[in-house]
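Asks:
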Amino acid sequence: MFITKTIREFLEKKGYRVFNQENLPTGIDLALDLQRIPQTPDLQIIFDIGANEGQTVFAMRKQFPQAKIHAFEPVAETFSRLKENTKNLPDLITENIALGDTTRTQEIALHKNSHINSLRSIKPSNDNTKTESISVVTLDEYCSKNGIKKIDLLKIDTEGFEIEVCKGAAKTLKEATIPFILAEVDFRNERSGHTPYCELSQYLAPYGFKTHAFYDISHSPDDPRDINYCNVLFARNSS
Numbered sequence: 001m002f003i004t005k006t007i008r009e010f011l012e013k014k015g016y017r018v019f020n021q022e023n024l025p026t027g028i029d030l031a032l033d034l035q036r037i038p039q040t041p042d043l044q045i046i047f048d049i050g051a052n053e054g055q056t057v058f059a060m061r062k063q064f065p066q067a068k069i070h071a072f073e074p075v076a077e078t079f080s081r082l083k084e085n086t087k088n089l090p091d092l093i094t095e096n097i098a099l100g101d102t103t104r105t106q107e108i109a110l111h112k113n114s115h116i117n118s119l120r121s122i123k124p125s126n127d128n129t130k131t132e133s134i135s136v137v138t139l140d141e142y143c144s145k146n147g148i149k150k151i152d153l154l155k156i157d158t159e160g161f162e163i164e165v166c167k168g169a170a171k172t173l174k175e176a177t178i179p180f181i182l183a184e185v186d187f188r189n190e191r192s193g194h195t196p197y198c199e200l201s202q203y204l205a206p207y208g209f210k211t212h213a214f215y216d217i218s219h220s221p222d223d224p225r226d227i228n229y230c231n232v233l234f235a236r237n238s239s
């Protein structure tokens with residue numbers, strides 16, 4: 001006990017905070033937070049919508065090694081990097097499509113920073129902005145076509161297009177076959193490049209989802225008391 005206390009004090013002097021797993025605060029370790037929720041089975045199917053170059057895919061593969069991951073990235077160049085970056089990962093299906101509220105073909109404005117490419121209705125920054133025609137399908141249609149009966153974790157990072165993705169998942173949400181949704185949300189008053197937290201929370205509430213935890217919080221550089229955006233975990237009622 002004395003040795004443990006001594007090590008803890010030494011690490012804290014070096015700027016580290018040490019927690020026992022049982023006492024680790026919610027919002028730091030997604031896998032641990034899910035384990036703490038009663039009746040949560042091992043995740044078998046994960047959807048990464050807005051996979052970009054595979055950043056979240058790598059994190060999910062490490063946290064949930066038993067899961068099969070479906071990663072969606074509609075922009076051709078970004079999808080190529082996703083494929084190359086993740087070519088050695090097991091149990092991964094990559095799809096060069098977007099998920100939305102309807103099935104269609106749509107133009108998307110391309111930005112130098114691929115992280116902010118979005119199907120949300122934003123006018124190109126200038127007349128020289130490049131666009132690309134991409135395929136959009138609904139989550140319900142994709143699941144039906146591929147025989148997917150349940151999605152254990154639905155991750156959505158689509159730069160303001162999160163509610164449209166959920167609209168395309170209406171049947172799946174009604175059937176209560178998605179227990180957890182991890183989505184990027186915004187807390188600023190003005191409409192930015194992210195979906196407002198209150199709008200997504202209100203949209204998911206009728207399907208039995210409640211806010212469970214916040215991750216990767218980004219505070220305002222102008223006022224550190226304000227949250228700009230973060231990832232939020234919604235958990236569906238088990239009843």
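According to full-length UniProt numbering, the sequence shown is numbered sequentially starting from 1.
Ideal Cβ placement from N, Cα and C applies to all residues, glycine included.
From a predicted model like this one, the values you see are computed outputs, not experimental measurements.
Tell me, please, whether the region 24-42 touches the region 136-148 by the rule of three or more beta-carbon pairs shorter than 8 angstroms.
Replies: At 8 angstroms Cβ cutoff, the stretches do not touch.
Asks: In the DSSP output, which residue or residues are listed as bridge partners for N231?
Replies: In the DSSP output, where bridge partners are listed per residue, N231 has E184 and Y215.
Asks: To the nearest angstrom, how far is the alpha carbon of H194 from that of L233?
Replies: So the alpha carbons of these two residues sit roughly 16 angstroms apart.
Asks: With C-beta atoms as the reference, is I93 less than 7 angstroms away from A67?
Replies: Contact: no.
Asks: Under the DSSP definition of a beta bridge, which residues are partnered with F209?
Replies: Answer is R236, bridged to F209.
Asks: Which partner residues of F72 appear in the DSSP bridge assignment?
Replies: F72 is bridged to I49 and E95.
Asks: Since T103 contacts V136 with CB under 8 angstroms, what's their CB separation in whole angstroms?
Replies: Yes, T103 and V136 are in contact; Cβ-Cβ is about 6 angstroms, under 8 angstroms.
Asks: Between the C-alpha atoms of F214 and I7, what's the straight-line distance to the nearest angstrom?
Replies: Computed Cα separation, rounded: 30 angstroms.
Asks: Cβ of P74 within 7 angstroms of Cβ of A51?
Replies: Not closer than 7 angstroms, so no.
Asks: Which of the three DSSP states, helix, strand or coil, is assigned to V57?
Replies: Here V57 sits in helix by DSSP.
Asks: According to DSSP, is K155 part of a helix, a strand, or is it coil?
Replies: If DSSP states are grouped into helix, strand and coil, K155 belongs with the strands.
Asks: Please work out which residues of its chain come closer than 6 angstroms, Cβ to Cβ, to N85, disregarding the five sequence neighbours upstream and downstream, and give them in chain order.
Replies: Contacts found: E53 and G54.
Asks: In three-state terms, what does DSSP make of E132?
Replies: DSSP places E132 in strand when its eight states are reduced to three.
Asks: DSSP state of residue 246, grouped into three classes?
Replies: A query on residue 246 cannot be resolved here, the shown segment of the chain reaching from 1 to 239 and no further.
Asks: What does the alpha-carbon distance come out to for the pair L153 and I178?
Replies: In a straight line, the C-alpha of L153 is about 7 angstroms away from that of I178.
Asks: Mapping DSSP to helix, strand and coil, what is T102?
Replies: Residue state, collapsed to three classes: coil.
Asks: Going by DSSP, name the residue or residues bridged to E107.
Replies: Paired residues: S133.
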